[in-house]
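Student: Note that full-length UniProt numbering has the sequence shown beginning at 1, numbered continuously upward.
By construction, the Cβ of each residue, glycine as well, lies at the ideal position given by its N, Cα and C atoms.
Note that the structure is a prediction, hence the values are computed from the model and not measured.
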Amino acid sequence: MNESTYQKNDEEFLIIEGRKRRIHKVVYILLCVFSVGIFYLICKYLKKVKLVLETKACKLSEADLIFVTNHYGNIDISEVKTIRFTGESENLKKYVKNNQIKMFESQFYRFILDYTIGRYVIPTEQNIFLYESTFEDIYKKNLKTSLSKLKMALLEKKIIYGENETSIRQKTTFEIFIDNILSILFVYIMICVILWVNIDYKLYASIIFLLSLYSLVHDIIQEFKNRKIIMELAKKKRMVIALRDKKWMFIETKNIFPGDLICIEPTKDFHSDVRVLKGDVIVDESFLTGETLPVFKSNASSGNIIYSGTNILKSTSEKNYIRESLELNFEEKHIGDSNKFCKVKNVGLKRDQSHISESEISSSQKLTAKTKLPVQIQTLNNIDKDTIEKLNCAIGVVVSTGFNTSKGRLIRTILIPRPPDFVFYKESMKFIIWVFGFGILTSALIVIFFLLNSIELLIALKYSFDLLTCILSPALPTTIWIGATISAGRLKRMKIFCSDLERINSAGRTNIVIFDKTGTLTEEGLDVHCIDNFQITSDDIGKFDRQMVNAISTCHGVYELNGEYVGDPLDIKMLLFSNSKIEYETFESVSIRKITIGSSFNEIKGPVFRENSGDETLFHYSKNPESILPLNETNQTDYININDENINNRIDVYIDDGYEIPFDIEQEIPRKIIKCYDFDTNLRRMSVVVVDKGKHFVYSKGSPESISKILREIPEDYEERVREYTLDGYRVLSIAYKETHSININERLRSKDEYGLTFLGFIVFANKLKPVTESVLVELNEAGIKCVMATGDNILTAISVARQSKLVDKYLPIIFPVIDENAKNIYDAEWLCVGDEELTFDKIRLTLFKDLDEISYSDFLVACEGREYEFIKKDNSTYFTFILSKCAIFARMNPDQKKMLVEDFADIDYSTCFCGDGANDCGALKSAEVGIALAQNEATLTSSFTSRITDISSVLTVLKEGRSALVTSISRFKFVFISSFIQYFSLYILSLKFLFLSEWQTMHYDLLIVLPIAYAMTQFRPSKILSRSTPYAHLISKKSLIPLFGSVFINGIFLLICLFFCVEPNQDFEKFTTLSSEGTAMFFVSIVQVLVSGIFLSKGRPHREGRFKNRIFIYFMIFSFLYCIFLTLCLQNIIFDFIANFFRNYYEFWVGKQILFKIVLIISINITVNFIYENVLSKKLENFCRDKMLVPKYDRIQEEFTDHI
């Protein structure tokens, strides 16, 4: 068997094919050298050709090379490494044969050959013991392990998991030089330079060589700088305290493996995935999730895994477990099943066992490898006593390392992204191949013509190849990304950073933008509007009973960190609203939060906060809105109101130790949060277990729909009250509680605690739009770009916000489906209408009508919740396309559903853009062709654009720059092609008369005309207004090709006229001379044709600023035409003789009596015809040549629904 498939999930797979070398490495190198790199280039860029030339199929177990093809069709070639292993290992038994282990690494996975099945596999030796065991269990296991077993276990893990690193392999110095020197473009230019030297274009060849050499050196130096930065970071040794051989010691993080017991210390970039066993940890997981809010982790919490790449803000433990464990030793007879340890004599802290040397491994366990597998596992010294005394941090067990961690998987998806469907790039490469094929064919014909006219073969080949270099200009491939490169620089200056140049051109085609709501369209922070328990509706918490006060003050995920309250801004607002203070104490060996509630419900006199804006001024909080005064020496008793003007996305709360908080005796009794069920995106709720006055209570907070499912009894007006608030644009959370019995916190089950609760009331939050939201959405709608909202919020709130923001017309009726859990198909759904209650939805005709009116209404919109969206997608394709066509509001969408939505829109030919604040939007940001993250955290690695401007105005900026970049790339591509063809055709027809252009004429054409115009064309800035039309990105279509070739045809006709009309009598020249009347005329006509083409292809509006605002372009055009007129005057003695003679001699102009008149006449007529063609005929041809095949699916769907209605 020479091929196998590794399935990662339903969508991702790898095809692994075994190959054996046909030729030795040395032979391969010699072929590369003797072919001057041609063989190397073929094998590098045509990997399937390399597959046949260099290798042959064989069994996987016999393979030297492995060809890996991923689900995107990308091919990776990896070399098989053979490790010699002589020992007995139960875990490695199936991987060892004849004392050999075969492995390779590809796609950031490690594959090992499993001899029992004859296939390469990704080892999955994940021990469930690590996820279920306690600290004591793992510690005992370590004490039981002998030194010899420990060494073998470390060697096994080294082979299975590799080093704990997520760094990318860097190129060697040799590889950097080879990759740059043997790049297709540089090799092609060098061949051209050699050719030009041989046809006496030595000065021109020297200039091109120096320019190319400068570019090459610049690229190589830049690669070395980048490599140096990465290697310096990699060289930095990072240490961690881990338990090895019954001792706590410093170990380098790259030598950490699953199963290691480690100390979790504060760090900005955690090294592995670790399960917390003892203590409490507060982490910032924004690197992975995009959520900027710190998260509390402990052994008691449901989510107790600390992920690689996260920022450890705080790590504490009620005991110093490292010190305690060092005071213990192990006696096997005392352990058994007991949870207690026996005190014995102290373990000495020695410094002479800093690593495991190879000599310490017995001969039966000795490991050697051709690839030099290191055996030095532990580094540095054991921990000294002073360090131990200072340590007071959490303890955890490593569960995954390297690219198997969450950070590693994220890096893998970033480095192997879904390739964008970039039409312009694909078609431009096809166009270049076609041009190359045309050039090869016509060059072959001219060689035959030369040979038939007795021209030497070598000369014929040289001049024919020079013709080929004209039509396939080295500048042509570089035009594809030039617009994107210029736009990326402008975006960076506007604080918008692009991680992928391809996406800039993709932004030019965007025709749908999907927005997250909270933090994107609306402000991140919400203010408590009121509490409604169906008897009282008030913003004064003092009017409610103890259970309501307990619920609001305890049901949250807020923690105190270094004098600051950290957590969800919504939760912090609730905590401040409840006049509460957080403290900590130990409960059942676990650190828990203790909530103390103040006596005055109108003012908070404990917590002091400030805005997160760099201002060091401290403020008090009060509900009195009359004054906003800072806390200073003169106004110590003033308070400040929390409102929309002085609250940012994050509230930093500080505890003023000097301010005493008066409490009533009853209220001073703290409420203890002994268990916290974190917010679940699927359940849409969170819960806490609280001890109050010795009794245990469960408090739950979440969406009204979620809480209603766990209530004993739902109030009569429950849904109607929610509907009223949400239609007014408020966000509503429900709160419920129940009294429960006391059991061990580790034995509590969420499903039991969140059952049979009593409704307490609604917390109503007010949320306002960001200042620019409305104006941006209006401009997008006016530009014909479909705007869609995808939010996790309630559907009625989403509809209200959509109308307020003008994402949708507030007068249009909006319908949405409600599908019962027992529904069998979409026809069982109930359709509700917001805006006009008398309208009814026809499920068959898919239209609205009034009960007493037979007229149907097709002008309406649809809203849909995530559950209904998935149901419709699985049940009915017609309804699903209807939803995609008419739906503008998607509510209750979880992260996976948002990602699915983006991909579904892409499937019907929408060019998608997703804009979110990074929280729970990573999947959608990554899947969209253009992802714009409005965040200032590391989660933006998943998006193609990161905006430091945290409002949706950056969407307009990216789309405008994208359109400008796409237009620039296309127009520059067409310009370079036309200029190359003009030069090619002029030289081709001159060659038929055995004539050629002089070196100075060629340099003038390339270096003084084509290159400056191509540069000036990139200096157009984007239009300030987003046009309703999108740039046409197709090169290979009748609409694009017919006008383009029409222009080429007109210019070619006038070049032929030059050849026959500008013949001067009495010319006597040798073959391939550069001095002729035809050549002189051809030079002047061709450069004017290029200048005119540059003007016509530099259209500014509607996607770029007008031509006259591009000063560089205007100044150059004026200079070029004036210089052209000057050279024309040099043909006659109209100016000073010595000046005219100088230019005539260098340019090798033919001076004749009628030559000037003929050139001026031909140029004048050519310009006139081009003007008429470009302004009249070209537009008619574009309209006539519209390709029906290019009509996108979403337009066809819309037409089908219109016909259906």
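On the three-pair Cβ rule with 8 Å, is the segment 559-573 touching the segment 767-783?
Tutor: no
Student: Expressed to the nearest angstrom, what Euclidean distance is found between the alpha-carbon atoms of tyrosine 869 and lysine 899?
Tutor: Sequence index remark: in the sequence shown, residue 869 carries index 869 (1-based). Sequence index remark: in the sequence shown, residue 899 carries index 899 (1-based). Tyrosine 869 and lysine 899: Cα-Cα distance of roughly 13 Å.
Student: Can you tell me which residues form a DSSP beta bridge with asparagine 70?
Tutor: If you number the sequence shown from 1, residue 70 lands on position 70. DSSP output for asparagine 70 lists Leu14 as bridge partner(s).
Student: What residue does the beta strand (DSSP E) around lysine 974 start on, and which one ends it?
Tutor: Taking the sequence shown and counting its residues from 1, one reaches residue 974 at position 974. Looking at the DSSP string, lysine 974 is not in any beta strand (DSSP E); the run it does join, the alpha helix (DSSP H), is 953-991.
Student: Just grab the DSSP bridge partners of aspartate 527 for me.
Tutor: Within the sequence shown, the letter at position 527 stands for residue 527. Answer is Ala766.
Student: Excluding the 5 residues flanking arginine 963 on each side, which residues of the same chain have their C-beta closer than 6 Å to its C-beta?
Tutor: Translated into the one-based positions of the sequence shown, residue 963 becomes position 963. Around arginine 963: Gly508, Pro1031, His1103.
Student: If you measure between the beta carbons of aspartate 64 and tyrosine 95, is that distance less than 8 Å?
Tutor: Taking the sequence shown and counting its residues from 1, the one referred to as residue 64 is at position 64. Taking the sequence shown and counting its residues from 1, the one referred to as residue 95 is at position 95. No. Outside cutoff.
Student: Quick one: Cα of serine 953 to Cα of phenylalanine 1020, how far?
Tutor: As a working note, residue 953 is residue 953 in the sequence shown. As a working note, residue 1020 is residue 1020 in the sequence shown. So the alpha carbons of these two residues sit roughly 21 Å apart.
Student: Give the single residue among Thr878, Tyr879, Ala891, Gly931 whose Cα lies nearest to the Cα of glutamate 903.
Tutor: Translated into positions along the sequence shown, residue 903 becomes position 903. Of the listed residues, the one whose Cα sits closest to glutamate 903 is Gly931.
Student: Which value, in whole angstroms, describes the spacing of the CA atoms of threonine 368 and glutamate 88?
Tutor: Walking along the sequence shown from the start, residue 368 turns up at place 368. Walking along the sequence shown from the start, residue 88 turns up at place 88. Below a pLDDT of 50, predicted positions are generally treated as unreliable, and threonine 368, at 38, falls in that range; the measurement from the model is reported next regardless. In a straight line, the C-alpha of threonine 368 is about 14 Å away from that of glutamate 88.
Student: If you reduce the DSSP assignment to three classes, tell me which class phenylalanine 257 lands in.
Tutor: As a working mapping, residue 257 is identified with position 257 in the sequence shown. Note: phenylalanine 257 maps to coil in three-state DSSP.
Student: Okay, do the segment 920-930 and the segment 455-475 touch, 3+ Cβ pairs below 8 Å being the bar?
Tutor: no
Student: From the DSSP output, in three-state form, read off valine 295 for me.
Tutor: Taking the first residue of the sequence shown as 1, we reach residue 295 at position 295. Of the three classes helix, strand and coil, the one that applies to valine 295 here is strand, per DSSP.
Student: Roughly how many angstroms separate the alpha carbons of valine 274 and threonine 740, rounded to a whole number?
Tutor: As a position in the sequence shown, residue 274 is number 274, starting the count at 1. As a position in the sequence shown, residue 740 is number 740, starting the count at 1. So the two alpha carbons sit approximately 33 Å from each other.
Student: Going by DSSP in three states, tyrosine 1194 sits in which element: helix, strand or coil?
Tutor: Within the sequence shown, the letter at position 1194 stands for residue 1194. Three-state result, tyrosine 1194: helix.
Student: Below 8 Å on the Cβ atoms is my contact criterion, and I expect glycine 1100 with glycine 1106 to pass it. Report the Cβ-Cβ distance as a whole number of Å.
Tutor: Here residue 1100 refers to the residue found at position 1100 when the sequence shown is read from its first residue. Here residue 1106 refers to the residue found at position 1106 when the sequence shown is read from its first residue. Correct: roughly 4 Å between the Cβ atoms.
Student: According to DSSP, simplified to helix, strand and coil, what is proline 569?
Tutor: Stepping through the sequence shown from its first residue, residue 569 is reached at position 569. Here proline 569 sits in helix by DSSP.
Student: Sorted by chain position, which residues of the same chain lie with C-beta nearer than 7 Å to leucine 182's C-beta, five sequence neighbours on each side aside?
Tutor: In the sequence shown, residue 182 corresponds to position 182, counting from 1. Closer than 7 Å at the Cβ level, and outside the excluded window around leucine 182, lie Gly37, Tyr40, Leu41.
Student: Pick helix, strand or coil for tyrosine 699, following the three-state DSSP scheme.
Tutor: As a working note, residue 699 is residue 699 in the sequence shown. Strand.
Student: Taking contact to mean at least 3 C-beta pairs separated by less than 8 Å, is the segment 47-60 in contact with the segment 17-25?
Tutor: yes
Student: Please list the terminal residues of the continuous beta strand (DSSP E) segment that includes glutamine 100.
Tutor: Counting from 1 along the sequence shown, the entry for residue 100 is found at position 100. Start and end: 100-106.
Student: Is DSSP giving isoleucine 264 helix, strand or coil here?
Tutor: Position 264 of the sequence shown, counted from the first residue, corresponds to residue 264. Secondary structure of isoleucine 264 (DSSP, three-state): strand.
Student: Mind listing, in chain order, the continuous beta strand (DSSP E) runs of no fewer than 3 residues lying wholly within the segment 75-161?
Tutor: 75-79, 81-85, 100-106, 109-114, 119-121
Student: Thinking C-alpha only, which one of Gln107, Leu195, Pro123, Glu132 is nearest glycine 169?
Tutor: Counted from its first residue, the sequence shown places residue 169 at position 169. It is arginine, not glycine, that sits at residue 169 in the sequence shown. Ranking Gln107, Leu195, Pro123, Glu132 by Cα distance to arginine 169 puts Gln107 first.
Student: Pick from Arg867, Trp248, Lys850, Leu30: whose alpha carbon is nearest that of asparagine 682?
Tutor: In the sequence shown, the residue the question calls residue 682 occupies position 682. For the residues Arg867, Trp248, Lys850, Leu30, the minimum Cα distance to asparagine 682 belongs to Arg867.
Student: DSSP three-state label for lysine 247, please.
Tutor: As a working mapping, residue 247 is identified with position 247 in the sequence shown. Strand at lysine 247.
Student: Please report the straight-line C-alpha distance between serine 1047 and asparagine 876, rounded to a whole angstrom.
Tutor: Position 1047 of the sequence shown, counted from the first residue, corresponds to residue 1047. Position 876 of the sequence shown, counted from the first residue, corresponds to residue 876. When rounded, the distance between both Cα atoms is 50 Å.
Student: Measuring CB to CB, does isoleucine 482 end up less than 8 Å from arginine 972?
Tutor: As a first step, residue 482 must be located in the sequence shown, where it is residue number 482. As a first step, residue 972 must be located in the sequence shown, where it is residue number 972. A contact, by the Cβ cut-off of 8 Å.
Student: Buried or exposed: methionine 231, going by 16 or more other Cβ atoms within 10 Å of its Cβ?
Tutor: Looking up residue 231 in the sequence shown gives position 231. Classification for methionine 231: exposed.
Student: For the pair the segment 260-280 and the segment 396-408, tell me if three or more CB-CB distances fall below 8 Å.
Tutor: yes
Student: What residue range does the beta strand (DSSP E) around lysine 278 cover?
Tutor: One-based indexing of the sequence shown puts residue 278 at position 278. Where lysine 278 is concerned, the enclosing beta strand (DSSP E) stretches over 273-278.
Student: Under 8 Å, with one C-beta from each stretch per pair, do the segment 730-745 and the segment 783-797 reach the 3-pair mark?
Tutor: In short, these stretches touch, since the Cβ pair count reaches three.
Student: Look up leucine 46 in the DSSP assignment and say whether it is helix, strand or coil.
Tutor: On the sequence shown, position 46 is the one that residue 46 refers to. Three-state DSSP puts leucine 46 in coil, outside helix and strand.
Student: Whole angstroms are fine: how far does the CA of cysteine 887 sit from the CA of lysine 806?
Tutor: Against the sequence shown, residue 806 aligns to sequence position 806. Against the sequence shown, residue 887 aligns to sequence position 887. For the pair lysine 806 and cysteine 887, the Cα-to-Cα distance works out to about 15 Å.
Student: Do alanine 1016 and isoleucine 1172 have their CB atoms nearer than 8 Å?
Tutor: Numbered from 1 along the sequence shown, position 1016 holds the residue referred to as residue 1016. Numbered from 1 along the sequence shown, position 1172 holds the residue referred to as residue 1172. No, the Cβ-Cβ distance between alanine 1016 and isoleucine 1172 is not below 8 Å.
Student: For glutamine 1001 versus phenylalanine 914, is the C-beta spacing smaller than 8 Å?
Tutor: Locating residue 1001 in the sequence shown gives position 1001, counting from the first residue. Locating residue 914 in the sequence shown gives position 914, counting from the first residue. Going by C-beta atoms, glutamine 1001 is not nearer than 8 Å to phenylalanine 914.
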